[in-house]
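J.: Order-wise, the sequence lines are chains A and B. Residue 158 in UniProt numbering sits at position 158 of the first sequence, and the numbers go up by one each step. Residue 106 in UniProt numbering sits at position 106 of the second sequence, and the numbers go up by one each step. Below are the structure tokens for one structure; questions will follow.
2 protein chains.
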Amino acid sequence: MNKYSALSKNELQSEIEKLEKRYNGYKEQKLKLDMTRGKPCSQQLDMSTEMLEIPAKELRKAADGTDTFNYGVLDGLPEAKALFAEMLEVDKSEIIIGGNSSLNLMYDAVGRAMSLGILGGTPWSKLDKVRFLCPSPGYDRHFAICELFGIEMVIVDMKPDGPDMDTVEKLVSEDDSIKGIWCVPKYSNPDGITYSDQVVDRMAALKPKAKDFRIFWDNAYCVHHLSDKPDSLKNILAACKSAGNENMVYMFSSTSKISFPGAGISMMAASAENLNSIRKSMTIQTIGHDKINQLRHVKYFKDIDGISAHMKKHADILKPKFDLVLEILETELGGKDIASWNKPNGGYFVSLNTLDNCAKEVEKLSLDAGVVLTKAGATYPYGKDPRDRNIRIAPTMPPAEELKKAIEILCISVQLVSAKKMLAAM
Amino acid sequence: MNKYSALSKNELQSEIEKLEKRYNGYKEQKLKLDMTRGKPCSQQLDMSTEMLEIPAKELRKAADGTDTFNYGVLDGLPEAKALFAEMLEVDKSEIIIGGNSSLNLMYDAVGRAMSLGILGGTPWSKLDKVRFLCPSPGYDRHFAICELFGIEMVIVDMKPDGPDMDTVEKLVSEDDSIKGIWCVPKYSNPDGITYSDQVVDRMAALKPKAKDFRIFWDNAYCVHHLSDKPDSLKNILAACKSAGNENMVYMFSSTSKISFPGAGISMMAASAENLNSIRKSMTIQTIGHDKINQLRHVKYFKDIDGISAHMKKHADILKPKFDLVLEILETELGGKDIASWNKPNGGYFVSLNTLDNCAKEVEKLSLDAGVVLTKAGATYPYGKDPRDRNIRIAPTMPPAEELKKAIEILCISVQLVSAKKMLAAM
């Protein structure tokens with residue numbers, strides 16, 4: 001297929017006619033296809049059912065004799081810490097086990113910094129201005145936490161190997177109102193990018209002007225590979241230690257997309273000094289999280305190999321869906337020079353960039369044909385994509401047949417919007 | 001037995017000798033008895049084991065078709081709301097289901113008020129002074145939340161039918177820095193007092209100077225009766241509505257002492273306007289709480305009668321322990337005019353008041369004989385009991401034989417400390 005830019009006015013018009021015919025064909029089907037969120041599909045969830053069949057008596061006593069049915073154990077059972085420390089490649093003294101949501105751990109971390117400050121620093125709520133760097137496109141729920149707490153967000157561009165570190169280094173070292181940066185360092189949401197070793201090293205070696213600057217390292221997709229040759233991510237906590245910056249990073253993860261979204265285990269890893277400080281307010285917040293569910297996860301997965309084997313089964317279900325999406329994107333949009341997209345080795349998304357100023361129109365056109373996409377702009381702070389071009393595709397939840405239709409409708413919409421824009425500009 | 005105050009010097013000396021003999025007899029046993037917290041005993045926890053044996057397939061689909069294994073449902077499954085709305089005697093539109101900890105819901109409520117304010121009010125962190133009324137003795141974990149957030153605590157005396165409402169009314173109506181009051185209105189911690197209808201009505205009719213004043217109504221022991229003639233508590237939300245004050249109360253409860261401490265369900269009830277506002281930040285904090293555990297609780301208890309029947313079984317285990325404590329207190333301390341205590345119809349504690357300025361010494365003496373009590377003073381803000389006399393007895397956890405020894409040691413300690421003080425004053 002030729003580039004759209006090489007088409008004549010007539011060729012574009014005829015292209016639009018063909019596309020509208022296909023579009024209307026879909027529209028008549030009155031489809032209702034929801035592509036909004038990165039949710040596992042039903043078949044993936046089936047896989048963990050066995051975890052809920054573990055006999056209750058096996059869930060009663062932790063290895064150290066703790067009665068999991070009673071109160072106590074603020075920051076996680078030792079065996080849960082051991083298992084997930086291995087997953088995050090940290091020491092078991094460097095991890096805290098939370099409730100069912102790592103988002104809640106991140107919200108709490110920001111909330112604590114606002115009300116109480118970090119390691120003796122001024123509570124952020126007492127400062128005139130608090131700013132966070134937001135590599136974008138990124139995860140809308142991170143940005144929503146900042147917006148709720150009135151933290152100003154500064155967009156940093158994503159490059160193929162991670163955030164634009166020149167900008168990050170400059171801003172962090174010059175401006176003490178910059179207190180944090182949001183990172184999804186592996187199979188990033190939505191780009192599927194894994195930070196290179198150089199990016200991790202530069203991140204770990206930052207010299208922030210604000211002593212209470214923290215890297216919010218949301219390693220949500222640490223074991224969520226789609227390929228037999230998974231990306232590898234350098235350990236940020238180790239890198240921070242090497243750089244003499246061990247207090248600079250908060251790592252987060254969860255089993256939401258390993259076991260059960262909403263009924264999994266979350267975790268936070270950081271330096272001993274950070275965790276000691278966090279435990280001091282955590283012990284005011286709760287007596288402890290759900291130990292029965294912690295033990296359930298440990299008994300089911302047993303060790304990191306158990307998690308890896310489980311993740312292979314997830315990949316077996318997800319890989320064909322990602323392949324299908326990429327295949328349709330290539331077929332419909334390849335060579336036309338009107339869109340670009342990533343080919344992730346893991347994670348939950350395919351990130352599609354249209355021509356500038358097209359994403360919202362594409363979203364609307366798709367919606368009119370029954371496909372609900374993640375809101376265009378959602379991958380940017382304040383929901384405003386400055387180039388209005390990024391569309392997050394979440395291929396995991398719909399059955400293949402629905403997915404195929406949804407992506408075709410999306411692609412037709414991209415072509416229609418692009419062609420019409422070009423025609424209008426002729 | 002005569003009152004201690006009627007004893008002569010010689011009689012007191014001989015009494016002390018006898019007590020020291022008994023005390024040393026216990027001390028030689030090198031006991032280690034932990035009476036610190038209101039934890040259910042192992043036998044109580046056994047009772048809920050069946051809940052964990054419900055087949056996984058019965059936990060998958062909520063009544064409205066929601067897949068409990070996947071993301072979603074911010075504020076609770078409808079059937080969980082219905083069940084616990086009945087328990088709290090509110091409408092199902094007036095309840096939010098939380099995670100495993102009502103303490104965390106209370107912490108979040110205070111945290112939100114600090115950072116974001118309540119219904120458009122100034123965030124409390126921006127104010128010069130924020131104060132809470134603390135009916136005391138009360139629950140140390142409530143006071144700890146205030147202390148963490150720098151909220152100044154004002155002691156209000158407890159009367160036999162609830163907080164001293166003359167003081168509450170005066171302070172709340174005159175001082176707009178008073179933003180809240182902590183209440184455990186039924187079988188209060190530690191006094192076992194249930195607020196009278198008059199107290200509830202006066203509470204609901206408060207005319208706070210601060211528009212964002214809230215009653216933190218921790219109904220932790222709402223169904224935790226020990227007697228066939230349980231106390232009844234007037235519904236505060238209904239009373240607030242009648243008084244035109246429906247936004248003034250936040251109600252909290254949980255199943256921690258119904259099903260599993262640490263693996264139960266928490267809940268918050270309030271007016272629609274309060275809940276709508278809370279949901280707006282809750283949706284930033286989490287995608288939703290553990291729906292599988294919600295459905296597990298609903299399937300197990302079925303309805304309020306299921307909860308009541310379950311609570312009867314708890315009472316069958318706990319009543320003999322409370323009776324044992326009360327019997328020993330009467331035998332050891334009755335008629336001596338050196339201590340007073342409550343006889344609760346429910347809840348988890350017996351509250352013992354010694355003579356003034358004796359509680360800390362009693363705590364220390366008991367500890368030296370192997371009995372760890374809740375820290376004297378813990379039932380007051382900042383851990384400071386102004387009269388140093390309140391000791392919280394938590395009879396639920398130890399087996400009867402241990403409990404007997406622990407309470408005997410406590411009673412011997414009370415007598416020893418009192419007698420020695422009186423002797424020294426002669």
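Even for Gly, the Cβ is constructed at its ideal location relative to N, Cα and C.
Would residue 426(B) be called buried (16 or more neighbouring beta carbons within 10 Å of its own) or exposed?
T.: The residue you call residue 426(B) lines up with position 426 of the second sequence. Under this definition residue 426(B) is an exposed residue.
J.: Rounded to whole angstroms, what's the CA-CA distance from residue 220(A) to residue 259(A)? Just pull it up for me.
T.: In the first sequence, the residue the question calls residue 220(A) occupies position 220. In the first sequence, the residue the question calls residue 259(A) occupies position 259. Those two C-alpha atoms are separated by around 13 Å.
J.: Tell me the DSSP secondary structure of residue 193(B) in three-state form.
T.: Here the question's residue 193(B) lines up with position 193 in the second sequence. Note: residue 193(B) maps to coil in three-state DSSP.
J.: For residue 357(A), count neighbouring Cβ atoms within 10 angstroms of its own Cβ and tell me buried if that reaches 16, exposed if not.
T.: Start at 1 with the first residue of the first sequence, and residue 357(A) comes out as number 357. With a 10 Å radius around the Cβ and a threshold of 16 neighbouring Cβ atoms, residue 357(A) comes out exposed.
J.: Chain B beta carbons: is any one of them nearer than 8 Å to that of residue 127(A)?
T.: Taking the first residue of the first sequence as 1, we reach residue 127(A) at position 127. No, its Cβ sits nowhere closer than 8 Å to a Cβ of chain B.
J.: Tell me the DSSP secondary structure of residue 119(A) in three-state form.
T.: As a working mapping, residue 119(A) is identified with position 119 in the first sequence. Three-state DSSP puts residue 119(A) in coil, outside helix and strand.
J.: Using the three-state DSSP reduction, which class does residue 320(B) fall into: helix, strand or coil?
T.: Counting from one through the second sequence, the residue named residue 320(B) turns up at place 320. The answer is helix: DSSP assigns residue 320(B) an H, G or I state.
J.: Can you grab the Cα-Cα spacing for the pair residue 354(B) / residue 390(B), in whole Å?
T.: Numbered from 1 along the second sequence, position 354 holds the residue referred to as residue 354(B). Numbered from 1 along the second sequence, position 390 holds the residue referred to as residue 390(B). If you take the alpha carbons of residue 354(B) and residue 390(B), they lie about 7 Å apart.
J.: When you compare the CB of residue 37(B) with every CB in chain A, is at least one pair closer than 8 Å?
T.: Sequence index remark: in the second sequence, residue 37(B) carries index 37 (1-based). Yes, its Cβ sits closer than 8 Å to a Cβ of chain A.
J.: With a threshold of 8 Å, are at least 3 pairs of Cβ atoms found where one atom belongs to the segment 139 to 153 of chain B and the other to the segment 176 to 189 of chain B?
T.: Contact between the segment 139 to 153 of chain B and the segment 176 to 189 of chain B is present, because at least three Cβ pairs lie under 8 Å.
J.: Tell me which residues share the same chain as residue 396(A) and place their Cβ nearer than 7 Å to its Cβ, disregarding the 5 neighbours each side in the sequence.
T.: As a working mapping, residue 396(A) is identified with position 396 in the first sequence. Once the five neighbours on either side are set aside, the close Cβ partners of residue 396(A) are 38, 39, 40, 41, 318, 321 and 348.
J.: Answer yes if the segment 275 to 282 of chain B comes into contact with the segment 52 to 68 of chain B, meaning at least three C-beta pairs across the two stretches below 8 Å, and no otherwise.
T.: no
J.: Beta-carbon of residue 248(A) versus every beta-carbon of chain B: anything under 8 Å?
T.: To locate residue 248(A), count along the first sequence from 1; it is residue 248. Residue 248(A) does not count as touching chain B.
J.: Does residue 393(B) have its Cβ less than 8 Å from a Cβ in chain A?
T.: Stepping through the second sequence from its first residue, residue 393(B) is reached at position 393. Not an interface residue.
J.: Using the C-alpha atoms, what's the distance from residue 223(A) back to residue 232(A)?
T.: Locating residue 232(A) in the first sequence gives position 232, where the first residue counts as 1. Locating residue 223(A) in the first sequence gives position 223, where the first residue counts as 1. Rounded to the nearest angstrom, the two C-alpha atoms are 10 Å apart.
J.: What is the residue span of the alpha helix (DSSP H) that residue 433(B) lies within?
T.: Given that chain B is displayed from residue 1 to residue 426, the structure contains no residue 433(B) and the question cannot be resolved.
J.: Find the nearest neighbour of residue 164(B) within the set 109(B), 422(B), 386(B) and 195(B), judged by alpha-carbon distance.
T.: On the second sequence, residue 164(B) is found 164 positions in, with the first residue counted as 1. Among 109(B), 422(B), 386(B) and 195(B), the Cα nearest to that of residue 164(B) is on 195(B).
J.: Distance check for residue 406(A) and residue 83(A), CA to CA, integer angstroms please.
T.: For this step, residue 83(A) is matched to residue 83 along the first sequence. For this step, residue 406(A) is matched to residue 406 along the first sequence. So the alpha carbons of these two residues sit roughly 39 Å apart.
J.: Taking 8 Å as the cut-off, does the segment 207 to 221 of chain B touch the segment 325 to 336 of chain B (at least 3 CB pairs, one atom from each stretch)?
T.: no
J.: Comparing alpha-carbon positions, which option in 78(A), 228(A), 361(A) and 249(A) lies nearest residue 235(A)?
T.: Here residue 235(A) refers to the residue found at position 235 of the first sequence. For the residues 78(A), 228(A), 361(A) and 249(A), the minimum Cα distance to residue 235(A) belongs to 249(A).
J.: Is there a Cβ of chain B sitting closer than 8 Å to that of residue 354(A), yes or no?
T.: Locating residue 354(A) in the first sequence gives position 354, counting from the first residue. No, its Cβ sits nowhere closer than 8 Å to a Cβ of chain B.
J.: Thinking C-alpha only, which one of 189(A), 297(A), 252(A) and 242(A) is nearest residue 344(A)?
T.: The residue given as residue 344(A) occupies position 344 in the first sequence. Of the listed residues, the one whose Cα sits closest to residue 344(A) is 189(A).
J.: Could you give the residue range of the beta strand (DSSP E) that holds residue 371(A)?
T.: Position 371 of the first sequence, counted from the start, is the residue given in the question as residue 371(A). Residue 371(A) -> beta strand (DSSP E) spans 371 to 373.
J.: Can you give me the Cβ contacts of residue 342(B) inside the same chain, cut-off strictly under 8 Å, excluding the 5 residues immediately before and after it?
T.: Your numbering for residue 342(B) matches position 342 in the second sequence. Correct list, in chain order: 191, 192, 193, 350 and 351.
J.: How many Å lie between residue 135(B) and residue 158(B) at the Cα?
T.: Taking the first residue of the second sequence as 1, we reach residue 135(B) at position 135. Taking the first residue of the second sequence as 1, we reach residue 158(B) at position 158. Their backbone Cα atoms lie some 6 Å apart in a straight line.
J.: How long is the line joining the alpha carbons of residue 242(A) and residue 35(A), rounded to whole angstroms?
T.: Mapped onto the first sequence, residue 242(A) falls at position 242. Mapped onto the first sequence, residue 35(A) falls at position 35. If you take the alpha carbons of residue 242(A) and residue 35(A), they lie about 42 Å apart.
J.: Against chain B, with Cβ distances strictly below 8 Å, would residue 192(A) count as a contact?
T.: Translated into the one-based positions of the first sequence, residue 192(A) becomes position 192. Chain B, which has no Cβ nearer than 8 Å to the Cβ of residue 192(A), makes this no.
J.: List the residues of chain A that residue 219(B) touches, going by C-beta distances under 8 Å, in chain order.
T.: Locating residue 219(B) in the second sequence gives position 219, counting from the first residue. Result: empty, since nearest Cβ-Cβ is about 18 Å, beyond 8 Å.
J.: Taking Cβ positions, are residue 411(B) and residue 329(B) nearer each other than 8 Å?
T.: By 1-based counting over the second sequence, the position of residue 411(B) is 411. By 1-based counting over the second sequence, the position of residue 329(B) is 329. Against a cut-off of 8 Å, the Cβ pair of residue 329(B) and residue 411(B) comes out as a contact.
J.: At the 8 Å Cβ level, is residue 67(A) part of the contact set with chain B, yes or no?
T.: The residue given as residue 67(A) occupies position 67 in the first sequence. It does; some Cβ of chain B falls within 8 Å.
J.: Less than 8 Å between C-beta atoms, sequence neighbours within five positions excluded: which residues of the same chain meet that for residue 97(A)?
T.: Stepping through the first sequence from its first residue, residue 97(A) is reached at position 97. Contacts found: 75, 76, 77, 80, 81, 84, 265, 266, 267, 289 and 294.
J.: Measure from the C-beta of residue 59(B) to each C-beta in chain A and report whether the shortest distance is under 8 Å.
T.: For the purposes of this step, residue 59(B) is taken as the residue at position 59 of the second sequence. Closer than 8 Å to some Cβ of chain A, the Cβ of residue 59(B) qualifies, so yes.
J.: Under the three-state reduction of DSSP, which class applies to residue 265(A): helix, strand or coil?
T.: Here residue 265(A) is taken as the residue at index 265 of the first sequence, counted from 1. In the structure shown, residue 265(A) sits in coil (DSSP, three-state: anything other than H, G, I, E or B).
J.: For the pair the segment 41 to 57 of chain A and the segment 4 to 21 of chain B, tell me if three or more CB-CB distances fall below 8 Å.
T.: no
J.: Do residue 29(B) and residue 107(A) come within 8 Å of each other at the CB atom, strictly closer than that value?
T.: Within the first sequence, the letter at position 107 stands for residue 107(A). Within the second sequence, the letter at position 29 stands for residue 29(B). Not closer than 8 Å, so no.
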